[in-house]
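Protein chains in written order, with the numbering used here: chain A, 17 to 418; chain B, 17 to 418.
Beta carbons: idealized from backbone N, C-alpha and C, even for Gly.
A quick note: this is a predicted structure, and the numbers were derived from the prediction, not measured.
Take a look at the structure below.
There are 2 protein chains.
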Amino acid sequence: MVNVAVLGYGTVGSGVVEVIEKNKDMVNKKSGQELNVKYILDLRDFPGDPYEDKVVHDFDTIVNDEEVQIICETMGGVGAAYAFTKSALEKGKSVCTSNKELVAKHGPELLQIARKNNCNYLFEASVGGGIPIIRPLNYSLTAERIEGINGILNGTTNYILSKMEMEGADFDTVLKEAQEKGYAERNPEADVEGHDACRKIAILSSLMMGKNVDSEKIYTEGITKVTADDFVYAKAAGKTVKLLGRSVAMGESEVLAMVAPFMIDKSHPLAMVNDVFNAVFVTGNMLGDSMYYGRGAGKLPTASAVVSDVVDCARHLGKVIMCFWDDADAKLADISELDRSFYVRVKASAKDAAVEMLGDDVLTVPGRDEDLVIFSKSMKEKEFAACCEKLGDAVLSKIRLY
Amino acid sequence: MVNVAVLGYGTVGSGVVEVIEKNKDMVNKKSGQELNVKYILDLRDFPGDPYEDKVVHDFDTIVNDEEVQIICETMGGVGAAYAFTKSALEKGKSVCTSNKELVAKHGPELLQIARKNNCNYLFEASVGGGIPIIRPLNYSLTAERIEGINGILNGTTNYILSKMEMEGADFDTVLKEAQEKGYAERNPEADVEGHDACRKIAILSSLMMGKNVDSEKIYTEGITKVTADDFVYAKAAGKTVKLLGRSVAMGESEVLAMVAPFMIDKSHPLAMVNDVFNAVFVTGNMLGDSMYYGRGAGKLPTASAVVSDVVDCARHLGKVIMCFWDDADAKLADISELDRSFYVRVKASAKDAAVEMLGDDVLTVPGRDEDLVIFSKSMKEKEFAACCEKLGDAVLSKIRLY
């Protein structure tokens, strides 16, 4: 029997207990032994809960119990979660987490402590809750040189963009609706400004490079400036708009990483990823393109991912599972030097200046002549920014082309 | 250093050598040691080939060399490949294969021999060459009760159906073109009649059930009867036609498995899988839906999958990697008892009889009134077959609805 403790009895934590209980036969068979939830750490009590007798309020009870071998950290945050994780790993207890913030911030350090203490720090649930992506990157694509990763990594923003596309509604209206339905937080900034996606692409980029990619250095732009009109023009051009986390390996130790809305062809596999679904599109030098699709969040999908890590830890007690993510920092490439094309919507009055600077690939949409839409020629990000500055107020909207 | 032998220096075999060489640094790092291709078994000589000095003609040289620890079987077939695999495993040498026919036919026996001899029989490349799917099923979805698998599992037929959809061409024309381009075999039966997809869904179903699903008992129907007209009607209804391998767990030891063309909504993720790409759509009781997408075949994608197995074997020398696939047979459910709806195209003259038997969900397409298309009410497969028999020659085409 392997004893497990769950830190935080919120949505994901209670899901972890539920998955271990509901799929007991499967989980125990795959673990090669019985999993037993011995403790649940939470500040609250849960009178009437079937697991109320397992609830403790003091982490020391857990970390000092030699019978506890695996800990699920489903608390979130980088304060107590960091201290508890570190202390558990130092005692040789493996930790499985859904906490992307902590993984993005302290991943390499925690992995190193785990290695030193012959235990494991696993984080399948930290990126794309219901999408097995960390394990495929670590164990399946081992014969590949991964060249790039492009992902729809946030369920809230993908839900909002999908609704905007399908209903022609504007950002604020859809955000409000999403908040009412519980798909968006009361304070939606972490999602709509791209910070959540940024942490996830930082984790994926770090695994791709085998080096640390600092999430705080990644260029990040959210979806708040995307308008209903942009979707009208996107549709007319056979495209849609998605918030993408993107990462390209530029050699051994340099990486180009960013989060921003992109206009993408409807025929691209990422374009059909709608609502709260997420997907990670991986390009390898031998395999070519592959894609991993599933629910990006949600209680049970995320909990299932955490429990798959618990199973892996149970199978590898006392053994270190390979994960290449060194403490050495990868260099982040300067995105302003990148060449690409842009969708730009300008006031019709600025047509001549816009066409001269950006090119003459003008999109004509019947009944829409007040605005002018140009798909720009390929140019550096900084050149494009300079053009936009010259055009000033005439620029109504701009989105990078995928 | 780990010594590897490659059996069969054809497309996949030479790809394996190429991947090990080209991605040497990555492969060696992930293996934790250096991989060395010591032998290549082939009946032919390869004068001028950079690896010509490694070519041997006698399997005994390989199997009796104690330095060889891992063997890649990329010969195909179930004759010599079976004998060689068995004999290698009995000597404790791990075998990695792309040979779906052999895996589908003798998988559980070979897995058992591997277990007994503390080595491994791995087959990531046997299903969806460039799609990591075997390892996710075995290692990632370990907290899941997998309820169903639906896959586009054959590149040739998906290429043909995609072309028929996009170009409005008929089956024979596209098949001929595919043969000229090398996307279809001179003798295309194994692909177009669904036998290749059948072996793959047998392997996936066996892993889902943990029991043996006999490919020879799986109902299998190919794409030769799908017409250009069917795509016209599918499009009008917002659908397309895909050859699917399908499998549903009906409890602990019964499985419903089949291969057939299905008409599927264009909004389903499987509908956007075009050309030679494949995808496997997996439904778990906690995760919900997830999908794995990539190249279904091709020299380097398939070879990369074989080499990822070699890396796994190198990391686990002397240790058995978990794979639940018992020798016990899963019972195959009788598909004739299944309820579903069907697309049926009948001569307009049979309208009254068809509507009475199948329902009145008639599809009207402007300019097409010589045929009548009905999406039938839900009915058992055998009831539908009886209706079609009554309608006789009036039935021009029929395809199951997904």
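Residue range of the alpha helix (DSSP H) that includes residue i
i                           : result
lysine 406 of chain B       : 397-407
threonine 101 of chain B    : 96-106
leucine 316 of chain A      : 315-331
phenylalanine 75 of chain A : 75-79
cysteine 135 of chain A     : Taken as a continuous stretch (DSSP letters only), cysteine 135 of chain A belongs to no alpha helix (DSSP H), as it is neither H nor E.
serine 110 of chain B       : Segment 110-113 is the beta strand (DSSP E) holding serine 110 of chain B; no alpha helix (DSSP H) there.
arginine 215 of chain A     : 211-225
valine 208 of chain A       : 205-208
lysine 45 of chain B        : 40-47
valine 229 of chain B       : Careful: valine 229 of chain B lies outside any alpha helix (DSSP H) and carries neither H nor E.
glutamate 237 of chain B    : Neither: glutamate 237 of chain B is in no alpha helix (DSSP H) and is coded neither H nor E.
valine 143 of chain B       : From DSSP, valine 143 of chain B is part of no alpha helix (DSSP H); its letter is neither H nor E.
methionine 373 of chain B   : 367-374
Beta-carbon neighbours of residue i, restricted to chain B and to distances below 7 Å
i                       : result
leucine 422 of chain A  : This structure cannot settle anything about residue 422 of chain A, because the visible part of chain A is limited to 17 through 418.
arginine 161 of chain A : Asn39 and Met42
proline 285 of chain A  : Met288 and Tyr309
lysine 132 of chain A   : In chain order: nothing, as chain B lies at least about 18 Å away.
lysine 255 of chain A   : Those do not exist, as lysine 255 of chain A stays about 15 Å from chain B at its closest Cβ, beyond 7 Å.
Residues near residue i in its chain [Cβ-Cβ closer than 7 Å; skip 5 each side]
i                        : result
lysine 116 of chain A    : Ser142, Val143, Arg215, Lys216 and Ile219
serine 394 of chain B    : Asp355, Arg356 and Ser357
aspartate 305 of chain B : Phe297 and Thr299
glycine 226 of chain A   : Phe340, Trp341 and Asp342
glutamate 13 of chain B  : Given a span of 17 to 418 for chain B in the structure shown, any question on residue 13 of chain B remains unanswerable.
tyrosine 98 of chain B   : Leu118 and His122
Cutoff 6 Å; reference residue i; Cβ partners in own chain excluding five residues on either side
i                            : result
valine 190 of chain A        : Ile176, Lys179 and Met180
phenylalanine 247 of chain B : Met180 and Glu181
Continuous beta strand (DSSP E) stretch holding residue i: start and end
i                         : result
tyrosine 199 of chain B   : Per DSSP, tyrosine 199 of chain B belongs to no beta strand (DSSP E) and is neither H nor E.
asparagine 294 of chain A : 293-300
threonine 380 of chain B  : 378-381
threonine 172 of chain B  : Unbroken run through threonine 172 of chain B is the alpha helix (DSSP H), 171-183; no beta strand (DSSP E).
glutamate 89 of chain B   : 84-89
Residue i - partner residues in DSSP beta bridges
i                        : result
asparagine 52 of chain A : A/Asn19
tyrosine 359 of chain B  : B/Phe391 and B/Ile415
aspartate 281 of chain B : B/Lys255
glycine 261 of chain B   : B/Gly167 and B/Val275
serine 306 of chain B    : A/Gly310 and B/Val298
leucine 153 of chain B   : Answer is none; leucine 153 of chain B lacks a bridge partner.
leucine 348 of chain B   : B/Val271
arginine 384 of chain B  : B/Val381
Under 9 Å from the C-beta of residue i: neighbouring residues of chain A
i                        : result
aspartate 305 of chain B : Gly146, Phe293, Tyr309, Gly310 and Arg311
leucine 6 of chain B     : As displayed, chain B neither begins before 17 nor continues past 418, which places residue 6 of chain B out of reach and without an answer.
alanine 213 of chain B   : By Cβ distance, chain A contributes nothing, its closest Cβ being about 19 Å from alanine 213 of chain B, past 9 Å.
alanine 319 of chain B   : Ala159 and Met302
lysine 70 of chain B     : Near lysine 70 of chain B there are no residues of chain A at all, since even the closest Cβ is about 19 Å away, more than 9 Å.
Neighbouring residues, chain B, relative to residue i (Cβ below 8 Å)
i                       : result
arginine 151 of chain A : Arg151, Pro152, Tyr155 and Ser156
valine 327 of chain A   : Thr158 and Ala159
Other residues of its chain near residue i: CB distance less than 8 Å, five sequence neighbours each side excluded
i                        : result
aspartate 376 of chain A : Ile390
valine 84 of chain B     : Asn19, Val20, Ala21, Lys54, Tyr55, Ile78 and Lys109
glutamine 13 of chain A  : As shown, chain A starts at 17 and ends at 418. That puts residue 13 of chain A outside it, with no answer to give.
With 16 other Cβ atoms within 10 Å as the buried cut-off, status of residue i
i                        : result
leucine 59 of chain B    : exposed
histidine 73 of chain A  : exposed
glutamate 405 of chain B : exposed
valine 264 of chain A    : buried
proline 63 of chain B    : exposed
glutamate 140 of chain A : buried
glutamate 372 of chain A : exposed
aspartate 69 of chain B  : exposed
glycine 184 of chain B   : exposed
alanine 313 of chain A   : buried
valine 327 of chain A    : buried
aspartate 207 of chain B : buried
Cross-chain neighbours of residue i in chain B, by beta carbon under 9 Å
i                        : result
methionine 17 of chain A : The contacting residues do not exist; methionine 17 of chain A stays about 17 Å from chain B at best.
lysine 197 of chain A    : Per Cβ cutoff of 9 Å: no residues; lysine 197 of chain A is ~18 Å from chain B at best.
lysine 116 of chain A    : Here the premise fails: no neighbours, minimum Cβ distance about 18 Å.
Chain-ordered chain A contacts of residue i [CB-CB under 8 Å]
i                         : result
methionine 279 of chain B : Chain A residues near methionine 279 of chain B: none, gap ~18 Å exceeds 8 Å.
Neighbouring residues, chain A, relative to residue i (Cβ below 7 Å)
i                     : result
valine 323 of chain B : Ala159
valine 458 of chain B : In the structure as shown, chain B starts at 17 and stops at 418, and residue 458 of chain B therefore has no counterpart that could be examined.
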